[in-house]
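Residue numbers (the numbering used here), protein chains in the order written: chain Y, 1 to 351; chain V, 352 to 513; chain F, 514 to 880.
Below you can see the structure in the form of structure tokens.
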């Protein structure tokens with residue numbers, strides 16, 4: 001079990017061992033390139049697979065038949081989708097701002113991929129073990145607003161522009177409760193390092209200490225990833241597809257890739273911060289526990305998406321500023337109070 | 352009972368505006384000339400006891416030598432029904448609009464204008480409703496010649512600045 | 514050029530747009546996200562049915578009537594054939610009358626289900642949409658086993674219906690009616706009772722009673738504005754006077770009530786269907802009608818309560834085999850006018866909801 005647990009760490013160590021000096025520049029470069037490719041593959045495969053799972057799930061929830069033609073029960077559908085998307089003609093409308101139009105989807109995917117760098121998939125299985133990991137994640141993920149606005153502006157379409165503006169309004173508003181909900185955990189652990197935060201949950205996952213924060217994080221996270229009931233940015237029924245209206249083929253596919261990549265990243269952070277990361281009963285390796293927990297969070301997100309209807313733009317803002325924000329502030333206050341009381345009895349905590 | 356009151360009211364009105372009262376399949380029918388239409392509709396809408404205050408339908412009709420505008424009136428609060436037929440000259444099809452009485456007559460009149468070319472005086476926005484704006488002719492008129500397929504299949508080229 | 518202050522802009526929604534339920538087009542003037550004015554533009558589905566009727570015999574026109582409100586085909590044909598029968602003075606056999614009521618009411622249930630479905634879809638409720646269409650499918654199956662067609666039945670004839678229903682029809686209909694209360698509970702649970710859906714629909718797009726009457730709104734939209742008026746009660750056509758049912762009325766005048774009243778009407782239709790199933794006699798389904806339908810010269814105005822609003826058929830006969838004029842007054846066409854009247858000041862998202870609550874079907878709007 002221990003070998004299985006550390007399989008990826010051992011592989012990395014073996015690759016390093018191939019070089020004369022295992023900490024030379026070339027060894028680091030090789031490892032980093034491999035890790036980068038791995039992360040990219042994780043994101044692409046997860047996104048492609050999620051697009052299928054989402055449809056399967058939707059069809060299960062709403063009692064209709066989903067993709068059921070390709071492969072056993074349609075489970076190969078995502079391959080066909082990917083091939084179809086790759087084979088499409090690259091269309092861009094006249095009068096678009098071509099540079100921004102082309103760069104926006106790439107930028108969104110790049111940003112999403114950057115966020116993967118700090119996710120601890122298992123013990124020692126993190127691409128960059130940043131001490132400011134969670135801070136880096138928040139900083140990186142807020143740039144994606146810009147990419148959406150760029151797409152909306154560059155498309156030269158009023159629906160797109162409306163979508164872009166909605167994206168800015170919504171994502172900036174929900175970033176604040178998202179950040180504040182994470183502060184509670186950080187106050188307890190006294191660190192920004194995601195691996196250390198996971199290790200602090202060895203005995204008890206923080207969801208039991210911070211249930212309110214988890215709820216706020218989940219809601220704000222759904223809003224950050226622009227999924228129903230907070231999918232104003234796409235708002236299919238009113239603004240067609242928001243910033244993505246004019247996109248087609250692979251560029252549109254990149255947007256979808258980024259969306260699902262974001263879903264996975266947000267769930268991964270939720271798992272690391274609240275659900276105890278890679279810790280779990282010993283009969284499964286840690287990284288598998290991590291993946292299973294991610295799936296659990298994604299399952300909840302999908303469940304919400306296919307049950308609720310979309311909120312209105314102004315209700316959405318009210319919800320962020322008048323409900324989530326005060327609640328997250330209250331959570332910080334309560335956490336502080338809890339820590340203070342705890343310290344009265346046990347002088348030193350945390351690590 | 353109500354029918355009797357309505358009949359009395361309608362024949363009284365018919366005398367005043369020089370109209371004819373008929374009955375077809377249980378519905379009273381008042382035929383008038385077009386200048387009286389607004390007066391008649393206003394009176395009919397405000398009949399005591401039996402107000403026909405709901406304009407059910409407004410339709411144009413081409414009778415080759417003249418046009419008719421047919422108003423189907425009823426009420427949401429009673430069984431009274433009345434049909435008013437206003438005859439219009441074919442050469443100069445102008446009639447008063449019913450929009451001051453019922454805002455909802457708007458679309459119905461636009462349709463009659465579109466299909467028969469009947470001009471409604473006082474209509475706020477008398478434009479074609481089904482056909483495109485530069486369509487020529489009024490398709491529901493009996494003398495409208497349906498164009499041949501060859502003609503119809505010609506694509507319309509968009510004009511500059513459209 | 515510099516522009517000071519804010520500026521209104523106009524967006525062209527439709528005829529190709531996800532939520533215009535067909536080829537409806539509206540030019541929306543927006544101030545940010547707030548709608549300042551809407552100009553409905555219709556005619557993209559105009560087929561000139563009234564003109565077509567003049568060059569077809571009375572029987573030949575029946576299939577076209579199904580294409581008016583294609584979501585509730587039977588009720589359109591019902592209006593037409595009854596108008597012609599009134600003109601000719603034809604007595605329809607009892608069984609045919611009952612079958613007509615059954616089909617018309619099934620059409621109403623199907624139409625209302627689809628209205629709730631698309632209404633929920635317009636606020637991104639995919640699951641309620643799916644539930645409603647799932648159950649509507651059973652009605653379409655009933656149609657299919659009888660008429661061979663799922664939406665445009667072409668089942669009614671002048672003087673009756675074209676043929677009797679198959680043997681498996683009645684049991685299938687009974688089981689559908691038995692399942693209905695459960696379905697309605699499900700729709701309530703996932704859509705009408707949902708807090709987000711309620712906040713999206715309640716007190717949005719108020720259509721006051723006086724305005725509704727002045728705009729000549731009919732059908733369920735009028736009843737949701739507090740006017741208890743239904744042609745089936747006020748002026749019973751066919752055998753509707755034999756059934757015991759209520760006319761639901763709501764006083765909220767808002768989008769939620771316009772959706773909710775459809776749910777109530779489905780329940781009333783269920784009552785009618787149950788009574789019709791109880792009372793339906795055996796016998797012929799077609800009266801003795803001459804091969805060549807040639808009504809005497811005259812005019813008739815016949816109106817029916819179509820799911821989308823009142824439908825009026827004004828048929829003028831000149832004594833030949835072809836009508837001199839067939840005028841179709843469709844509910845949805847007149848109901849379009851409520852959109853610009855009530856939408857000002859609401860957000861573009863509400864515009865979509867309000868539009869859905871009007872329950873337009875473009876086949877009926879454009880004729």
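Just so you know, even glycine gets a beta-carbon here, dropped at the ideal spot from N, CA and C.
Residue i versus residue j - alpha carbon distance
i: residue 248 of chain Y; j: residue 103 of chain Y; result: 14 Å
i: residue 65 of chain Y; j: residue 820 of chain F; result: 29 Å
i: residue 159 of chain Y; j: residue 607 of chain F; result: 56 Å
i: residue 920 of chain F; j: residue 782 of chain F; result: In the structure as shown, chain F starts at 514 and stops at 880, and residue 920 of chain F therefore has no counterpart that could be examined.
i: residue 250 of chain Y; j: residue 43 of chain Y; result: 16 Å
i: residue 642 of chain F; j: residue 26 of chain Y; result: 57 Å
i: residue 435 of chain V; j: residue 418 of chain V; result: 13 Å
i: residue 145 of chain Y; j: residue 582 of chain F; result: 44 Å
i: residue 568 of chain V; j: residue 368 of chain V; result: This structure cannot speak to residue 568 of chain V, because chain V is shown only from 352 to 513.
i: residue 861 of chain F; j: residue 316 of chain Y; result: 14 Å
i: residue 279 of chain Y; j: residue 105 of chain Y; result: 35 Å
i: residue 49 of chain Y; j: residue 201 of chain Y; result: 30 Å
i: residue 384 of chain V; j: residue 439 of chain V; result: 7 Å
i: residue 487 of chain V; j: residue 450 of chain V; result: 25 Å
i: residue 351 of chain Y; j: residue 194 of chain Y; result: Only weak support is given to the placement of residue 351 of chain Y: the predicted model assigns it a pLDDT of 45, under 50, and the value that follows is read from those uncertain coordinates. Cα to Cα, residue 351 of chain Y sits roughly 13 Å from residue 194 of chain Y.
i: residue 208 of chain Y; j: residue 224 of chain Y; result: 24 Å
i: residue 879 of chain F; j: residue 109 of chain Y; result: 45 Å
i: residue 647 of chain F; j: residue 660 of chain F; result: 20 Å
i: residue 120 of chain Y; j: residue 129 of chain Y; result: 8 Å
i: residue 274 of chain Y; j: residue 15 of chain Y; result: 33 Å
Spatial neighbours of residue i in its chain, beta-carbon cut-off 8 Å, leaving aside the 5 residues before and after
i: residue 60 of chain Y; result: 66
i: residue 458 of chain V; result: 480
i: residue 854 of chain F; result: 720, 724, 728
i: residue 364 of chain V; result: 370, 381, 391, 394, 395
Beta-bridge pairing of residue i - partner residues as DSSP gives them
i: residue 448 of chain V; result: Answer by DSSP bridge pairing: none, since residue 448 of chain V is not bridged.
i: residue 315 of chain V; result: Only positions 352 to 513 of chain V appear in this structure, which leaves residue 315 of chain V out of reach.
i: residue 544 of chain F; result: F:547
i: residue 470 of chain V; result: V:445
i: residue 884 of chain F; result: Nothing about residue 884 of chain F can be reported from this structure: the residues present for chain F run from 514 to 880 only.
i: residue 823 of chain F; result: F:818
i: residue 275 of chain Y; result: Residue 275 of chain Y pairs with nothing; no bridge assigned.
i: residue 369 of chain V; result: Residue 369 of chain V is not bridged to any residue.
i: residue 382 of chain V; result: V:371, V:436
i: residue 510 of chain V; result: Looking at the DSSP assignment, residue 510 of chain V forms no beta bridge with any residue, so it has no partner.
Close-in-space but distant-in-sequence residues of the same chain around residue i (CB under 6 Å, 5 per side omitted)
i: residue 233 of chain Y; result: 163, 166, 167, 226, 242
i: residue 415 of chain V; result: 493
i: residue 856 of chain F; result: 548, 551, 864, 867
i: residue 762 of chain F; result: 736, 741
i: residue 142 of chain Y; result: 175
i: residue 261 of chain Y; result: 43, 47, 112
i: residue 285 of chain Y; result: 4, 5
i: residue 850 of chain F; result: 728
Contacting residues, own chain, Cβ-Cβ under 7 Å from residue i (five flanking each side not counted)
i: residue 452 of chain V; result: 392, 393, 396
i: residue 836 of chain F; result: 566, 567, 571, 828, 829, 830
i: residue 569 of chain F; result: 835
i: residue 178 of chain Y; result: 217, 220, 221, 224
i: residue 466 of chain V; result: 411, 489, 490, 491
Go through the segment 639-690 of chain F residue by residue and report every complete run of the alpha helix (DSSP H) that reaches 4 residues or more, in order. For the segment 639-690 of chain F, whole alpha helix (DSSP H) runs of length 4 or above, ordered along the chain, are 639-660.
Ordered list of beta strand (DSSP E) runs contained in the segment 547-581 of chain F, each at least 3 residues: 547-554
Inspect the CB distances between the segment 291-298 of chain Y and the segment 83-92 of chain Y and report whether three or more fall short of 8 Å. no
3 or more residues per run - each beta strand (DSSP E) lying fully within the segment 272-345 of chain Y: none
Would the segment 147-156 of chain Y count as touching the segment 33-43 of chain Y if we require 3 or more Cβ pairs under 8 Å? no
State whether the segment 722-734 of chain F contacts the segment 748-755 of chain F, with contact taken as three or more CB pairs (one from each stretch) at a distance under 8 Å. Output reads no: the segment 748-755 of chain F does not touch the segment 722-734 of chain F.
Decide yes or no for the touch test of the segment 255-269 of chain Y against the segment 326-346 of chain Y: beta carbon pairs closer than 8 Å, at least 3 of them. As far as the Cβ criterion goes, the segment 255-269 of chain Y does not touch the segment 326-346 of chain Y, which means the pair count is below three.
Across the segment 463-478 of chain V and the segment 868-879 of chain F, are there enough close Cβ pairs to call them in contact, namely three or more that are closer than 8 Å? no
Across the segment 803-817 of chain F and the segment 771-781 of chain F, are there enough close Cβ pairs to call them in contact, namely three or more that are closer than 8 Å? no
Three or more C-beta pairs under 8 Å: does that hold for the segment 702-715 of chain F against the segment 624-638 of chain F? yes
Evaluate contact between the segment 496-506 of chain V and the segment 526-536 of chain F, counting only Cβ atoms and requiring at least three cross-stretch pairs below 8 Å. Contact check between the segment 496-506 of chain V and the segment 526-536 of chain F: fewer than three CB pairs, one atom from each, fall below 8 Å, which does not count as touching.
Uninterrupted alpha helix (DSSP H) stretches inside the segment 192-228 of chain Y (no shorter than 4 residues): 194-199, 206-209, 211-224
Report the start-end ranges of each alpha helix (DSSP H) in the segment 694-777 of chain F that is 4 residues or longer and not cut off at the edges. 708-714, 722-727, 733-736, 744-747
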